[in-house]
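Engineer:
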Amino acid sequence: MSTTSDPHPTQNTKASAKTVTWLEISGWHLDNKYILSGYRREKADYLEILASLTFLHNETCNVYTHLIGTGLLLLVATVFLRYLDQPHFLHVSSTDYAMFGIYFWCAGICLILSTLYHLMIPYSQYAEQFLHVIDLLGIVIVTVGTFSSGIYYIFFCEASLQKLHWVIILTTGTVTGILISNPSLRTPRWRKVKVSAFVVFGASSFIPLLHGVQRYGLYYMLKYSGMKWYLLELAFYGIGVGLYAFRIPERLAPGTFDIWGSSHQIFHIAILCAMYTHVIALLQGFTTSHTLNILKSSKFPIPKIDTSSVEAGISQLRNLEALFPPPPPIPEVAESKHEFTARDGFRLIYHVFQPATPSPTTQGPLPLLIYWHGGGGSMGNAYSVCSVARDLVTAHNIVVVSPQYRLAPEYPWPTGVHDAWDAFAHISSTTDASAGLLIGGVSQGARLASIVALQAKDAAAAATGTTATSSSTSTSATRLPKVTGLYFDAPSFISPDNVPDEYKSQYRSRHDKTCLAAPILDADTKALFDKAYQGDQMSPLYVVLNTRPLSRHAGVADKAYFSVCGMDILRDDGLIYADVLENLGVQTRVSIYPGAPHAFWVAFGMTALAQKWKTDKTAGVGWLLGRE
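Okay, so the sequence shown: first residue is 8 according to our numbering, each after it adds one.
1) CA-CA distance, Gly602 and Leu375?
2) Compare the beta carbon distance of Ile246 and Ala277 with 9 Å and say whether it is the shorter of the two.
3) Between which two residues does the beta strand (DSSP E) containing His345 stretch?
4) What residues in its chain sit with their C-beta under 7 Å from that of Glu635, if we drop five residues either side in the sequence?
5) Looking at the structure shown, is Gly629 part of a helix, part of a strand, or coil, going by DSSP?
6) Quick one: Cα of Leu302 to Cα of Asp351, how far?
7) Applying the 10 Å Cβ sphere with the 16-neighbour rule, what's the burial state of Ser12?
8) Could you pull the start and end residues of the beta strand (DSSP E) that Tyr568 belongs to?
9) Within the same chain, show all residues whose beta-carbon is closer than 6 Å to that of Gly581, passing over the 5 residues directly before and after it, in chain order.
10) If you draw a straight line from the alpha carbon of Met386 to that of Ile446, how long is it in whole angstroms?
11) Tell me Phe107's beta-bridge partners as DSSP assigns them.
12) According to DSSP, is Gln513 part of a helix, a strand, or is it coil?
13) Helix, strand or coil for Trp641? Go by DSSP, reduced to three states.
14) Answer with buried or exposed for Ser481, where buried requires no fewer than 16 other C-beta atoms within 10 angstroms of its C-beta.
15) Measure the alpha-carbon distance for His518 versus Ser167 and round it to whole angstroms.
16) Which residue's Cα is closest to the Cα of His345: Leu88, Arg354, Val83?
17) Could you have a look at Gly320 and say whether DSSP puts it in helix, strand or coil?
18) Take the Cβ of Glu135 as the centre, count every other Cβ of all protein chains shown within 10 Å, and call the residue buried at 16 or more, exposed below.
19) On a CA-only basis, which of Gly219, His73, Phe431, Ser59 is nearest Pro410? Give me that one, please.
20) Check whether the stretch 114-129 touches the stretch 146-156, taking contact to mean three or more Cβ pairs, one atom from each stretch, closer than 8 Å.
21) If we call anything under 9 Å between Cβ atoms a contact, is Thr348 one with His433?
22) Whole angstroms is fine: what's the gap from Thr532's alpha carbon to Asp103's?
23) Give me the DSSP bridge partner(s) of Gly448.
24) Taking all protein chains shown into account, decide if Val174 is buried (16 or more other Cβ within 10 angstroms of its Cβ) or exposed.
25) If you scan the stretch 125-198 from start to end, which runs of the alpha helix (DSSP H) of 4 or more residues do you find wholly inside it?
26) Excluding the 5 residues flanking Gln618 on each side, which residues of the same chain have their C-beta closer than 6 Å to its C-beta?
27) Give the straight-line distance between the Cα atoms of Thr153 and Cys113, rounded to the nearest whole angstrom.
28) Between the Cα of Thr595 and those of Val392, Leu632, Val206, spot the shortest distance and give me the residue it belongs to.
29) What do you reckon, are the CB atoms on Ile141 and Leu123 nearer than 9 Å?
30) CB-CB under 6 Å to Ala585, same chain, minus the five flanking residues each way: which ones, in chain order?
31) Got a sec? Which residues, its chain only, sit under 7 Å from Val206 by beta carbon, not counting five neighbours each side?
32) Considering just the uninterrupted stretch of the beta strand (DSSP E) at Phe360, what are its terminal residues?
33) Would you mind reading off the limits of the beta strand (DSSP E) that contains Gln594?
34) Counting Cβ pairs, one atom from each stretch, are 3 or more of them under 8 Å apart for the stretch 252-267 and the stretch 70-83?
35) Between the alpha carbons of Gln221 and Leu487, how many angstroms are there, rounded?
36) Check whether the Cβ atoms of Ser269 and Cys68 lie closer than 9 Å to each other.
See below:
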């Protein structure tokens, strides 16, 4: 880049005369001693300032990053404000538009004021000092707007906490604004004080995030409230501020980054990245908030279950099943019913769902999924999951088998567990599962499937002489194929009286008032099922995580996919077991449905969230099959 000190006249002489060096500018214009050239001449008039948009100088990047950024922000705002009106979002109000609007307005004001300041610097000393304060106030404004909108969605259902954190952010913002408006802080001597004020102000944004973690748990904040995006946003701001404060990289090579790549320019780009990241965080919080209370979108009445006696309550629940008859068969899926014999000689059935017409692109055996129905161990039947089976058969060209198991209270624990193992042993040993063997289930079915999977792993190890096993198996493991994947919907894995020590702080759904009072499976109904089940709550055959140490679960399968309902007394069972398996090297994926009650897709299949579960389920099983 040529400057006025260039002794070699060239065709760029006219352009070079428009810029001067550090040695040729006044003290009020001095800010960064490592930027040696590219300064515009002082006391320029408006036309000269506008003309500076057409040639390179050391403010070109600062001007255009935020000028172009303003236009992009307008485009993003238009797209996102239209997106809020999508039909699958429930109870979207004017407040939501206000929150997004506040953020976009504050961000836009910040970018416009920044552009104006960097463009007008050479006009006069007074203009530079005045606009510099305005530029800094713009940063305060966008910070307040950023975290005000974020606070709204983090504490969506708790107005008192929203107000508390709004007061904190407004107070710290006001104090910061007053400090930076003081003219005495304009000199380079006070630059670190000015930067420190912004650092403290920005650090205050961690308060609502930490409060959210304390109140809702880290997993919830990361998955539901956009926290991972807020942390990325703060990282962008932190990197930008840090480089700006220490004048990196120009401090390392003065004069090298005069036009491109200086710390201030990097700071500008970091601000833009942080702004657009915040939009993603807001969208995640908005999505969570407006898929809550899905029952409000349905007029289906949920009767109160009589839990005063096991017989009366279970009878009422079984009668309720009649409200959800299975849909008729579809031509794409062939269905058949078969029998197997349990260890006590009892004859049980299982349904097989497979493609009606062989796929011309598939040769050899098809992957096999054994999927057990739910019902708390006291209701449901092997045909209850026909819709799930048909969906997966048509989507993935696989075979799905749904086995029967005997129900409590007529057949108390561990009868159902033994039936599940006997079904697995019979089906997997009489079916070619060389293309892949998945097992899973919904609710109680997932509970049984998890125990069977661990039994199968232990039995295989015992057959090869690598370890002892406590599994109750009666079939030679040498005839059983390896379980390659696990698929769990709204699962039950933990006994409240035997929570692993390292997960006790995360086991919250059994104590969460919202989950305890949730429809479909509230605390009373869960207690009714447990009473009917009559199980030993410390036994490994009761729930899978009674098997200790947790390292015993390593190698139970290659992959595991979980569907977890946010407003479910069993919510943390799925989240914790997913974490256990992931820590042991099992590949895991978890789909979470915020605010949704237990297995909501059964009773509320008409909702948009249930359709999302259906899509996620299909993708999840595809991932288990390695078809992504």
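The C-beta atom is built at its ideal place from N, Cα and C for all residues, glycine as well. Bear in mind that the values here come from a model prediction, so they are computed numbers and not experimental data.
Structural biologist: In terms of the structure at hand:
1) In the sequence shown, counting from the first residue as 1, residue 602 sits at position 595. In the sequence shown, counting from the first residue as 1, residue 375 sits at position 368. If I take the Cα positions, the gap works out to 32 Å.
2) What you label residue 246 is simply residue 239 of the sequence shown in a count that begins at 1. What you label residue 277 is simply residue 270 of the sequence shown in a count that begins at 1. Yes, the Cβ-Cβ distance between Ile246 and Ala277 is below 9 Å.
3) Taking the first residue of the sequence shown as position 1, residue 345 is located at position 338. Element bounds for His345: 340-348.
4) Numbered from its first residue, the sequence shown carries residue 635 at position 628. Around Glu635, the same chain offers Gly629 as residues with beta carbons nearer than 7 Å, after the five sequence neighbours per side are excluded.
5) By one-based count along the sequence shown, residue 629 stands at place 622. Three-state result, Gly629: helix.
6) Reading the sequence shown from its first residue, position 295 is the one you call residue 302. Reading the sequence shown from its first residue, position 344 is the one you call residue 351. Confidence is the limiting factor: at Leu302 the pLDDT is only 46, short of 50, which leaves the residue's position unreliable, though a coordinate-based value still follows. Taking the straight line from one Cα to the other gives about 43 Å.
7) Walking along the sequence shown from the start, residue 12 turns up at place 5. Confidence is the limiting factor: at Ser12 the pLDDT is only 38, short of 50, which leaves the residue's position unreliable, though a coordinate-based value still follows. Result: exposed.
8) For the purposes of this step, residue 568 is taken as the residue at position 561 of the sequence shown. Per DSSP, Tyr568 belongs to the beta strand (DSSP E) from 566-572.
9) Position 574 of the sequence shown, counting from 1, holds the residue named residue 581. The answer, listed in chain order, is Pro498, Phe569, Val571.
10) Locating residue 386 in the sequence shown gives position 379, counting from the first residue. Locating residue 446 in the sequence shown gives position 439, counting from the first residue. The straight-line gap from Cα to Cα measures roughly 20 Å.
11) The count along the sequence shown starts at 1 and reaches residue 107 at position 100. DSSP lists no partner for Phe107.
12) Here residue 513 is taken as the residue at index 506 of the sequence shown, counted from 1. Of the three classes helix, strand and coil, the one that applies to Gln513 here is helix, per DSSP.
13) Past the boundaries of the shown model lies residue 641; the chain is included only from 8 to 635, so the question cannot be answered.
14) Residue 481 sits at position 474 when you count from the first residue of the sequence shown. Its pLDDT being 48, under 50, Ser481 is placed unreliably by the model, and the measurement read from it follows with that caveat. Exposed, by the Cβ-count rule.
15) Position 511 of the sequence shown, counting from 1, holds the residue named residue 518. Position 160 of the sequence shown, counting from 1, holds the residue named residue 167. Taking the straight line joining both Cα atoms gives about 22 Å.
16) Position 338 of the sequence shown, counted from the first residue, corresponds to residue 345. The closest CA to that of His345, considering only Leu88, Arg354, Val83, is found on Arg354.
17) Locating residue 320 in the sequence shown gives position 313, counting from the first residue. DSSP places Gly320 in helix when its eight states are reduced to three.
18) To locate residue 135, count along the sequence shown from 1; it is residue 128. The residue is buried, with at least 16 neighbouring Cβ atoms inside 10 Å.
19) Along the sequence shown, one-based indexing puts residue 410 at 403. The shortest C-alpha separation from Pro410 is found at Phe431.
20) yes
21) Residue mapping note: residue 348 aligns to position 341 of the sequence shown, counting from 1. Residue mapping note: residue 433 aligns to position 426 of the sequence shown, counting from 1. Result yes, Cβ atoms of Thr348 and His433 sit closer than 9 Å.
22) Against the sequence shown, residue 532 aligns to sequence position 525. Against the sequence shown, residue 103 aligns to sequence position 96. In this structure, the straight-line span from the alpha carbon of Thr532 to that of Asp103 is close to 36 Å.
23) By 1-based counting over the sequence shown, the position of residue 448 is 441. Gly448 is bridged to Trp379, Phe495.
24) Taking the sequence shown and counting its residues from 1, one reaches residue 174 at position 167. The residue in question, Val174, is exposed, as its Cβ has fewer than 16 Cβ neighbours within 10 Å.
25) 132-161, 166-187
26) Here residue 618 refers to the residue found at position 611 of the sequence shown. Same-chain partners within the cutoff: there are none.
27) One-based indexing of the sequence shown puts residue 153 at position 146. One-based indexing of the sequence shown puts residue 113 at position 106. Looking at the two C-alpha atoms, the distance is approximately 8 Å.
28) Along the sequence shown, one-based indexing puts residue 595 at 588. For the residues Val392, Leu632, Val206, the minimum Cα distance to Thr595 belongs to Leu632.
29) Position 134 of the sequence shown, counting from 1, holds the residue named residue 141. Position 116 of the sequence shown, counting from 1, holds the residue named residue 123. Taking 9 Å as the Cβ cut-off, Ile141 and Leu123 qualify as a contacting pair.
30) Start at 1 with the first residue of the sequence shown, and residue 585 comes out as number 578. So the qualifying residues of the chain are Phe569, Thr595, Val597.
31) The residue given as residue 206 occupies position 199 in the sequence shown. Cβ within range, chain order: Val248.
32) Numbered from its first residue, the sequence shown carries residue 360 at position 353. Here the beta strand (DSSP E) through Phe360 covers 354-362.
33) On the sequence shown, position 587 is the one that residue 594 refers to. Start and end: 594-600.
34) Counting Cβ pairs under 8 Å, fewer than three are found: no touch.
35) For the purposes of this step, residue 221 is identified with residue 214 of the sequence shown, where counting begins at 1. For the purposes of this step, residue 487 is identified with residue 480 of the sequence shown, where counting begins at 1. In a straight line, the C-alpha of Gln221 is about 46 Å away from that of Leu487.
36) In the sequence shown, residue 269 corresponds to position 262, counting from 1. In the sequence shown, residue 68 corresponds to position 61, counting from 1. Result yes, Cβ atoms of Ser269 and Cys68 sit closer than 9 Å.
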